[in-house]
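Engineer: Quick one: structure below, then a few questions.
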Amino acid sequence: MSFQGIPHGDTVASFETYPEAQRAVDKLAAAEFPVKKVSIIGNGLTSVERITGKLSYGRAAASGALSGAWLGLFFGLLLILINPQSDLVFVGAAVLIGAAFGMVFTMFNYAINRKRRDFSSVAQIVASSYSVIVDPELANKARHELGVEQPPL
Numbered sequence: 287m288s289f290q291g292i293p294h295g296d297t298v299a300s301f302e303t304y305p306e307a308q309r310a311v312d313k314l315a316a317a318e319f320p321v322k323k324v325s326i327i328g329n330g331l332t333s334v335e336r337i338t339g340k341l342s343y344g345r346a347a348a349s350g351a352l353s354g355a356w357l358g359l360f361f362g363l364l365l366i367l368i369n370p371q372s373d374l375v376f377v378g379a380a381v382l383i384g385a386a387f388g389m390v391f392t393m394f395n396y397a398i399n400r401k402r403r404d405f406s407s408v409a410q411i412v413a414s415s416y417s418v419i420v421d422p423e424l425a426n427k428a429r430h431e432l433g434v435e436q437p438p439l
């Protein structure tokens, strides 16, 4: 089975949300349907960017410090795994150093890009509907298992 390109088959059901389409595939799986022959396709894709707030030096510093602290914690714990004789003080130092570097680098980046973009956001691709498609020879069986009478338009 090739995973390249858009899968072909018959649409057996359409849903407004992805979880609804997942539940349909779960229902097919529970009925011992060969789910390797099933695909979920998102239709009407739209890029959505939600603005989460205005950026400032303080917000950039806090965000960078938090990210850097997590990275420092990771390296500190990795050091303990590599050298079990290491003290927990090294983990604390790694967290503080990571926070400091993260804060400095994020503030530097914010200072450079401030005039181009002065807000934070989260981007995602959203589909307007989801189609469950099945190989044509199994479409009627899938419709029967899902309780769908006829193909959707």
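In the working numbering, the protein residues as written are 287 to 439.
Beta carbons are placed, not taken as given, at the ideal position from N, Cα and C, and that holds for glycine.
(1) If you run the structure through DSSP and keep just helix, strand and coil, what is Glu423?
(2) What did DSSP end up calling Arg402 once you bin it into helix, strand or coil?
(3) Assuming Val334 is part of the beta strand (DSSP E), what are its boundary residues?
(4) With a cut-off of 8 Å on the beta carbons, I'd call Val338 and Val390 a contact; round off their distance for me.
(5) Taking 8 Å as the threshold (C-beta atoms), are Gly388 and Gly350 in contact?
(6) If we count Cβ pairs, one from each stretch, closer than 8 Å, do we get three or more for the segment 414-426 versus the segment 318-338?
(7) So, using beta-carbon positions, are Lys313 and Leu432 closer together than 8 Å?
(8) Which residue marks the beginning of the beta strand (DSSP E) containing Phe319, and which one marks its end?
(9) Taking buried to mean at least 16 other C-beta atoms within 10 Å of its own C-beta, is Lys323 buried or exposed?
Structural biologist: Considering the structure as presented:
(1) helix
(2) coil
(3) 332-340
(4) It is worth fixing the name first, because residue 338 is Thr in this sequence and not Val. 23 Å between Cβ atoms; not a contact.
(5) yes
(6) yes
(7) yes
(8) Looking at the DSSP string, Phe319 is not in any beta strand (DSSP E), and its letter there is neither H nor E.
(9) buried
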